[in-house]
Structure formats: C-alpha cells, structure tokens
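Trainee: Pasting a structure below so you can have a look.
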Amino acid sequence: MKKSKEIAKTPLPKAPAWRTDLVITAALAAIFLACVVVFRMPDDGRMRVSNPQSIRDLSTHIGRVEGLAEDAGTLEIVLDQPTPTYDASALTDLAKSALVISRGLQMYFSEGKGTTIRFVARMPATGIERFVTSERVLAVEFWRSDLMGLDYDGEFEFQDLLNISKGVVYNQATDKRYVEAFCADPIATTAAAFCTRERR
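So, in structure tokens, the structure goes:
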C-alpha cells in the first residue's frame with residue numbers, strides 16, 4: 742500500500758516549453774486564417790449571372806445602382822466591401838470590382854445614358870454602429886466613354902483602370918489614407934499615373 746502511494750505522488754513529466762509555444766502559435770495562426778476567410782469578402786472576378794438583366798447582376802458586390810440626373814448624368818454603382826484587412830486593400834478591392842463591372846457594362850449595357858460612372862466603396866461603420874449600418878468611404882469616377890472604349894484583354898489590370906480615372910472622391914478627409922496606403926504598396930507600381938495625380 743505504501744508503494745502505491747509513492748507512485749501516485751510521482752509528477753508526470755512536463756512537455757518541453759518550445760512544444761507548448763509551438764502549439765499556441767499554430768492555434769493563433771489557424772484562428773487568424775479562419776477570420777480572414779470568414780470575414781473578408783474576396784473579389785470573385787466574375788459576374789453574378791451569365792446573362793445579366795440589370796447592372797446589379799454584374800457583381801455580387803453591388804449594393805445599389807442609381808442614376809443621378811442632378812449630378813451631370815452620373816451612374817453611381819455602390820459596392821459593399823468588408824472592413825479592409827490593410828488600408829491598401831480598400832482601393833484594391835474597389836478597383837478589382839470596378840474592372841469586372843466595367844467589362845460587363847461594355848458587353849451588356851454600353852448604350853446607357855450619362856457621361857460619368859462612379860464606383861463607390863461602402864464599408865461597415867466604425868464602432869458599435871458597424872453591426873447595423875455602412876458608410877461611404879471613397880469613390881473613383883470615370884468618363885463613361887473611356888470605359889466603353891477600352892480593350893479589356895487579358896493584359897488589362899485594375900491598376901490600368903485606375904490610371905484612366907477622372908479622380909477620387911472622399912467621404913471624409915481622413916479617408917485619403919486608403920489611397921496613400923495603396924500608393925505606398927508595391928501593388929501600385931503599375932498605377933503610377935493614378936498615384937501621381939492623387940498625391941498632388
């Protein structure tokens with residue numbers, strides 16, 4: 742009986758500290774990747790349907806389409822985007838969606854009215870309001886004639902689209918940080934014309 746008590750009191754060998762750290766690091770990495778997959782809305786690079794009946798059918802990201810007659814014939818396309826993981830991705834996501842939609846406009850709705858097309862990024866509001874409302878952050882405007890006259894071949898990228906834009910409209914002055922972050926990123930190398938214009 743005495744011998745069994747001594748065995749019971751013998752402590753179990755501890756796992757090496759490095760192994761515990763490795764398990765914790767792997768768990769945190771898995772959680773981070775899961776959050777990115779679940780909460781980030783990736784650009785799908787394709788139209789919502791194969792034979793669109795309306796502009797809203799051109800992308801799953803379109804939240805609203807509105808023709809603003811009082812705004813010099815502007816066609817406004819509002820895109821619902823997630824809160825960006827990095828500030829630079831706000832403009833990247835907007836431009837990628839704009840490229841997909843512009844191709845669709847040229848193919849199916851090239852006879853539309855208006856002289857300007859405005860792509861608006863709408864994101865969840867900051868603070869507790871993010872659960873119930875979204876807010877405009879920035880918009881990129883184009884001449885309709887420019888978008889309809891492009892050759893959207895395999896070599897035409899979203900950076901090329903930004904280079905021919907009329908300009909960026911910000912909801913607040915602080916929203917300019919999204920363009921600054923984009924232009925400071927290597928992904929903007931081929932959008933030099935756009936960045937030079939917007940950084941003035």
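So for the sequence shown, my numbering puts the first residue at 742; every next one is plus one.
Heads up, the beta-carbon is just placed ideally off N, CA and C, and yes, glycines get one too.
(1) Do Tyr919 and Asp821 have their C-beta atoms within less than 7 Å of each other?
(2) Which of the three DSSP states, helix, strand or coil, is assigned to Phe850?
(3) Since Tyr911 is in the beta strand (DSSP E), which residue starts that stretch and which ends it?
(4) Tell me, to the nearest whole angstrom, how far the beta carbon of Arg859 is from that of Glu817; I am working on the premise that it is less than 8 Å.
(5) How would you write the range of the beta strand (DSSP E) that Thr815 sits in, first residue to last?
(6) For Phe860, report the span of its beta strand (DSSP E) as first-last.
(7) Would Met848 be called buried (16 or more neighbouring beta carbons within 10 Å of its own) or exposed?
(8) Ser906 to Arg941, Cα distance in whole Å?
(9) Can you tell which of Leu840, Asp926, Thr930 and Pro825 has the C-alpha that lies nearest to the C-alpha of Phe897?
(10) Under a three-way DSSP split, which group does Arg940 fall into?
(11) Expressed to the nearest angstrom, what Euclidean distance is found between the alpha-carbon atoms of Lys837 and Phe899?
Mentor: Result, derived from the coordinates:
(1) No; because the gap between Cβ atoms is not below 7 Å, this pair is not in contact.
(2) coil
(3) Gly908 to Tyr911
(4) 5 Å
(5) Thr815 to Asp821
(6) Thr857 to Pro865
(7) exposed
(8) 15 Å
(9) Leu840
(10) DSSP places Arg940 in coil when its eight states are reduced to three.
(11) 5 Å
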